[in-house]
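Protein chains: 2
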Amino acid sequence: MSGSGPSGEESFIAALRALAHDPGARGLTDDAAVLHASGALVATHDTMVEGVHWLAGQDPADVAWKLVASNLSDLAAKTCRPVGLLLSFMLGDEAWNTRFLAGLGEALAAFDAPLLGGDTVSAPFPDAPKVIGLTALGQPRRDPPPSRADATAGQSLWVTGRCGAALAGFEAVQAGSDDHALTAPYRRPVPRLAEGQALAPVVGAMMDLSDGLLLDASRMADASGTTFAIETRLVPIHPALGRRRREALSWGDDYELLFTLPEGAACPVDAARIGSVLPRGAHPLLLDGSPPLAGQPLGYRHGI
Amino acid sequence: MSGSGPSGEESFIAALRALAHDPGARGLTDDAAVLHASGALVATHDTMVEGVHWLAGQDPADVAWKLVASNLSDLAAKTCRPVGLLLSFMLGDEAWNTRFLAGLGEALAAFDAPLLGGDTVSAPFPDAPKVIGLTALGQPRRDPPPSRADATAGQSLWVTGRCGAALAGFEAVQAGSDDHALTAPYRRPVPRLAEGQALAPVVGAMMDLSDGLLLDASRMADASGTTFAIETRLVPIHPALGRRRREALSWGDDYELLFTLPEGAACPVDAARIGSVLPRGAHPLLLDGSPPLAGQPLGYRHGI
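Spelled out as structure tokens, the structure:
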């Protein structure tokens, strides 16, 4: 069907089988996966497109890692441990498939996430832009899991990690750096699964940062019908960014957790308090007491 | 990002929201869906590619329907009722998006399947081949649900419906027919959800037919370590195919259920007994007592 042909598909599936050792995967020989859940189950899907979410020259192993990490980051924000992944994969040439599998295997092992099934398809013509997708299923530590809409006035606002780490990593990659510590947050982001689960008993609203702190915070404030007052000097910024604080606050891909806690509650994870939740005012955000300048983008907008 | 731009995406998501009325969808405003399951849960994913699984000229409403139907057919074979769908959608022009949504809404209503979430992405360039995917989650009527590997010697072999209905429909579409009854099995296949659930207490092995009766039967026989003896005159064939019985037996897309029952068991659904399960012999299949001719294709081969 495609340039890679059925033999490429068969060898890919054979290699995938070695990664799908959970009994629920049924060895990838059946038509569907079977898992066992009790209580609430969280389901999320991310699709990535060559030329939109990654560039043709990128290491396919990093693409695979990011696909897994970005999905698991959504689960982390729901206090979940991952219980199953389904992969949608468009076959490329053998070198591409092999590197993708290497990164996929590394991510599955790093995050203890069972691959249960999925689908492989052929490209309609050689060099058609690749499209890959992942569905992630997780079991939350509480039911209902937190949403974006659970912030209430009086709560405190927190964020894990350092904003702009992905931007610093992206710029290092663009500059040809081989400093792995610097490029890793962009190439190999780590979803905050342990933090999300540890926050379950106490957290109010929670979401992961994918489109930039300011844009995601304004969305959470809107969903909750509140205003978030952020003190920008309290937001930890990646040291490589120096004085580019505003850029760091509106760059995506950081996969940190943004969340609220009840007034006075101690934070059970390593995170920074960056502001407070106020009753809804005229704007969703106040930065150091003022609304953001109109026309200045808060972050990166994309799909649901 | 693409020719359709963010406004196309926003109006698509707004329209999708009207179809996602299950509370677990959280109005498509959160980052993940939440569902409640007890016991076993079945998960399956299908991806469809323009130029591979459908042609550019096809009605997008039919493409949407088939995406839903083919996924739910996998659930049917696991004795499931659908409990949640996640859609991966690549935005096209407004006319395409609108027709797709129309077919999606019709299929969701017809099969009582709740849309819970998903992802929308932009095409990397105008006219890039579209890729769409669907994850379907179902609750099986029994645990473990039947697999391909559950056939044992002495069981009888059954199939629902009439083989070749999709082939007859495809040929009618190619010929420009507007006979809806004839084209529907190709354009609008109906997954056998009720039959799958009714078979739960008694069925042995079960799978849905997607790649042709003979190929799928040989896979089930292989997975079970048995040989299937099929009496081809017992297989109901769509009347439009006249004497083209062999073609009907090796054409895909019928989405019927192929299953085994214990010896002497009555079949609780409308289906035809087409053969028996034998101890494993030299071949997975015997057709009217003889192995299929070498070199003659049994069906259509594609992904996992």
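Keeping their order, the protein sequence lines are chains A and B.
Start counting the first sequence at 10; every next residue gets the next number (our numbering).
Start counting the second sequence at 10; every next residue gets the next number (our numbering).
Don't be surprised by glycine CBs; every beta carbon is placed ideally from N, CA and C.
Secondary structure at residue i, three-state DSSP: helix, strand or coil?
i      : result
A:P245 : coil
A:S134 : Going by the sequence as given, residue 134 of chain A is Phe instead of Ser. Coil.
A:W63  : strand
B:W105 : helix
B:D231 : helix
A:Q206 : helix
B:R90  : strand
A:P301 : coil
A:L224 : helix
A:M10  : Caution is warranted here: a pLDDT of 26 is assigned to A:M10, below 50, making its placement in the model unreliable, and the coordinate value is therefore given only provisionally. Here A:M10 sits in coil by DSSP.
A:G290 : coil
B:D68  : coil
A:D217 : strand
B:W260 : coil
B:I313 : Reliability fails at B:I313, whose pLDDT of 34 lies under 50, so the model's placement of it is uncertain and no value is given.
B:E115 : helix
Can you tell me which residues form a DSSP beta bridge with residue i?
i      : result
B:I283 : Answer is none; B:I283 lacks a bridge partner.
A:S165 : A:L270, A:S285
B:C276 : Partner(s): none; B:C276 has no beta bridge.
A:T144 : A:H54, A:L95
B:L295 : B:A238
B:T192 : Answer is none; B:T192 lacks a bridge partner.
B:G126 : B:L95
A:P149 : A:C89
Kindly give me the distance between the Cβ atoms of residue i and residue j, rounded to whole angstroms, as I take these residues to be in contact under 8 Å.
i      : j      : result
A:G213 : A:R289 : Incorrect: roughly 15 Å between the Cβ atoms, too far for contact.
B:R90  : B:Q206 : 6 Å
A:V168 : A:L307 : Not really, about 15 Å apart at Cβ, beyond 8 Å.
A:H247 : A:A177 : 5 Å
A:S165 : A:L270 : 5 Å
B:L191 : B:A249 : 7 Å
B:W260 : B:A184 : At roughly 16 Å, the Cβ-Cβ gap does not stay under 8 Å, so B:W260 and B:A184 are not in contact.
A:G142 : B:G142 : 5 Å
A:S97  : B:S97  : 7 Å
B:V140 : A:V140 : 4 Å
A:D55  : A:L25  : Not confirmed; about 19 Å, so no contact.
A:G170 : A:A257 : 11 Å between Cβ atoms; not a contact.
B:V122 : B:L94  : Per the sequence shown, residue 122 of chain B should be read as Ala rather than Val. Indeed they touch by this definition, with Cβ atoms about 5 Å apart.
B:L100 : B:G17  : 6 Å
B:A111 : B:A70  : 5 Å
Legend entry - beta strand (DSSP E) runs contained entirely in the stretch 15 to 58 of chain A, provided each spans 3 or more residues: 42 to 58
Legend entry - Stretch-stretch touch, CB-based, cutoff 8 Å, three pairs: the stretch 77 to 89 of chain A with the stretch 206 to 217 of chain A: yes
Legend entry - Cβ contact check for the stretch 292 to 299 of chain B and the stretch 225 to 233 of chain B: 3 or more pairs under 8 Å: In this structure the stretch 292 to 299 of chain B lies against the stretch 225 to 233 of chain B, because at least three pairs of beta carbons, one per stretch, are closer than 8 Å.
Legend entry - Segment contact flag, the stretch 130 to 140 of chain B with the stretch 60 to 67 of chain A, C-beta cutoff 8 Å, min 3 pairs: yes
Legend entry - Stretch pair the stretch 44 to 61 of chain A + the stretch 147 to 164 of chain A: three plus CB contacts closer than 8 Å: yes
Inset, instruction - Specify whether the stretch 23 to 32 of chain B and the stretch 149 to 163 of chain B touch according to this definition: at least 3 beta carbon pairs, one from each stretch, less than 8 Å apart. - result: Touching, no, given that fewer than three Cβ pairs across the two stretches are closer than 8 Å.
Legend entry - Inter-stretch contact (C-beta, 8 Å, three-pair minimum) for the stretch 252 to 262 of chain B and the stretch 107 to 118 of chain B: With a cut-off of 8 Å, the stretch 107 to 118 of chain B and the stretch 252 to 262 of chain B do not count as touching, because too few Cβ pairs lie within range.
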